[in-house]
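Here's the structure, in structure tokens; my notes come after.
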Amino acid sequence: MRDIGYVPDLTKRAAALQRAGVTKWALRGPEYESPYRGLHRPAGIAAEQPATRVADAIGLMTGGCVLTGWASRWVQGQAYCGGVRYGDDLPVVILCGPGTDLRTRPGIRPSDRRYLPGEVVDLESFAVTTMARATYDDMLDAPNPTEALVAVEMATSTVIDQACTSLDNVRAVFDAHVKTRGRAQARWALAHASTRSASPWETRTRMIATHAVGVENWLINTPIFDLHERLLGIPDLLDPDTGLVIESDGADHRKIEMHNADNVRGEGLRDHALEVVRIGSAQHSREERARTEERIRNGRDRPNPNRPRLWTTEKPAWWTDWPPGRRWD
3 MRDIGYVPDL TKRAAALQRA GVTKWALRGP EYESPYRGLH RPAGIAAEQP
53 ATRVADAIGL MTGGCVLTGW ASRWVQGQAY CGGVRYGDDL PVVILCGPGT
103 DLRTRPGIRP SDRRYLPGEV VDLESFAVTT MARATYDDML DAPNPTEALV
153 AVEMATSTVI DQACTSLDNV RAVFDAHVKT RGRAQARWAL AHASTRSASP
203 WETRTRMIAT HAVGVENWLI NTPIFDLHER LLGIPDLLDP DTGLVIESDG
253 ADHRKIEMHN ADNVRGEGLR DHALEVVRIG SAQHSREERA RTEERIRNGR
303 DRPNPNRPRL WTTEKPAWWT DWPPGRRWD
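Following the working numbering from start to finish, the sequence shown increments by one per residue and tops out at 331.
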């Protein structure tokens, strides 16, 4: 888990700082900045985002308030929950129990959704929802079913180095709440979720590919070997029926070393009767989506059905003793 021990103490209400000996004149000076009225933190803090946003939200919370959604997941060490989607900041969502008086502010969204005792974790100076409940709230608040799926797959992924929850835990939270806005897309996301997706772009790419060719039984991050037991690669998506491989390229893949490695791996896959289609993040845009789906369909139709199959997903004996392979089992 990331070191976030400083976050709860980063932003404080003026009254708490004055009780600690900070004068009101100091609070008005250059040593402090005020993200919200009555709230202060030391000026010039170089904390990595989203730490300051989470700290400001915690500073606003009173008794009965519980941090949820992406901020709760971030505090608890989950990956891909930095509070940004497609370049836009997401609000910090705070569940407000009876008697709390927290108003909406820029970047802060109070919610009156009820929470159950087993869905809250007390972190001494503030409370957060469990990872499963935070994921449920993220699914409810997602702008569409695909982003709801991104939330649950990133929270439950077993191939990412992170703290994670389980699909069963998220389903249990879902079952405990009824008549909540957003449940239809949360239900859909749970029905389509996999624990093997390694990034949000992989999940989004899978949804585009499924729509393009109708394949439902994708093998996700599954090792592929040649017939001599050599590892060819671990593609994001593999259609086991046609040998179509789809790779989702995030920002890291634009680096020259990664780009070259992608090309070499792609050539090796093609040499073994697999067809590779690479999808970059820009190709997910509304303007590019039709062309992206056409590329996927063309990739599926290119392999020669009479060409012998030169690959397998059957794991050789050495795989079980190879430490890097543990991530993908």
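Just so it is clear, CB atoms sit at the ideal spot from N, CA and C, and this is done for glycine as well.
Since we're looking at a predicted model, the values are computed, not measured.
Residue nearest to residue i in terms of C-alpha spacing, selected from the options
i	options	result
arginine 15	Val161, Trp220 and Gly61	Gly61
asparagine 308	Leu276, Lys26 and Arg328	Leu276
tryptophan 220	Glu204, Gln80, Arg232 and His230	Glu204
arginine 299	Val215, Gly65 and Arg206	Val215
glycine 46	Pro305, Asn171, Ser127 and Glu35	Glu35
threonine 148	Asp177, Ala186, Ala53 and Val161	Ala186
aspartate 139	Gly23, Val24 and Cys83	Cys83
glutamate 316	Arg232, Asp177, Thr212 and Gly89	Arg232
leucine 240	Gly301, Gly31 and Asp103	Gly301
tryptophan 72	Pro310, His194, His230 and Leu142	Leu142
aspartate 114	Glu126, Pro108 and Cys98	Cys98
glutamate 295	Thr212, Gly270 and Val247	Thr212
leucine 151	Asp170, Gly268, Lys181 and Ala188	Ala188
asparagine 306	Ala191, Gly268, Arg272 and Ala57	Arg272
tyrosine 8	Val77, Gly282 and Pro318	Val77
isoleucine 222	Arg30, Trp330, Asp90 and Pro100	Trp330
arginine 288	Tyr88, Ala59 and Arg311	Tyr88
proline 44	Val56, Gly31 and Glu50	Gly31
threonine 106	Tyr117, Ala59 and Leu19	Ala59
Check whether residue i and residue j have beta carbons under 9 Å apart
i	j	result
glycine 235	proline 225	yes
isoleucine 110	tyrosine 38	yes
arginine 291	isoleucine 210	yes
alanine 153	leucine 69	no
glycine 245	tryptophan 321	no
alanine 165	glycine 79	yes
serine 250	arginine 206	yes
isoleucine 248	arginine 304	no
leucine 12	threonine 64	no
threonine 199	alanine 81	Threonine is not the amino acid found at residue 199; the sequence shown has serine there. No. Outside cutoff.
alanine 178	glutamate 121	yes
threonine 102	glycine 66	yes
proline 112	leucine 125	no
glycine 184	alanine 157	no
Inter-residue CB distance, residue i and residue j (contact presumed, cutoff 8 Å)
i	j	result
serine 74	threonine 131	5 Å
threonine 137	valine 161	In fact, because the Cβ distance is near 17 Å, the residues do not count as touching under 8 Å.
serine 127	proline 10	4 Å
valine 175	alanine 134	5 Å
histidine 274	aspartate 228	6 Å
leucine 41	leucine 29	That belief does not hold up - the Cβ atoms of leucine 41 and leucine 29 are roughly 10 Å apart, past 8 Å.
The beta strand (DSSP E) enclosing residue i, as first and last residue numbers
i	result
valine 9	First-last for valine 9: undefined, no H or E at that position.
aspartate 303	Premise fails: aspartate 303 lies in the alpha helix (DSSP H), 291-303, not in any beta strand (DSSP E).
arginine 280	277-282
leucine 233	233-235
serine 250	246-251
Limits of the unbroken alpha helix (DSSP H) element including residue i
i	result
aspartate 170	169-178
alanine 136	133-143
arginine 116	Element bounds for arginine 116: n/a, residue is neither H nor E.
arginine 208	202-215
leucine 125	Run containing leucine 125: none; DSSP gives neither H nor E here.
valine 154	147-158
leucine 312	Taken as a continuous stretch (DSSP letters only), leucine 312 belongs to no alpha helix (DSSP H), as it is neither H nor E.
leucine 192	185-194
Beta carbon proximity, residue i to chain C, threshold 9 Å
i	result
glutamate 295	In the structure shown, chain C does not exist; there is a single protein chain.
(request) Could I get the ranges of all uninterrupted alpha helix (DSSP H) runs contained in the segment 18-92, with 4 residues as the minimum, in chain order? (result) 26-29, 53-62 and 71-77
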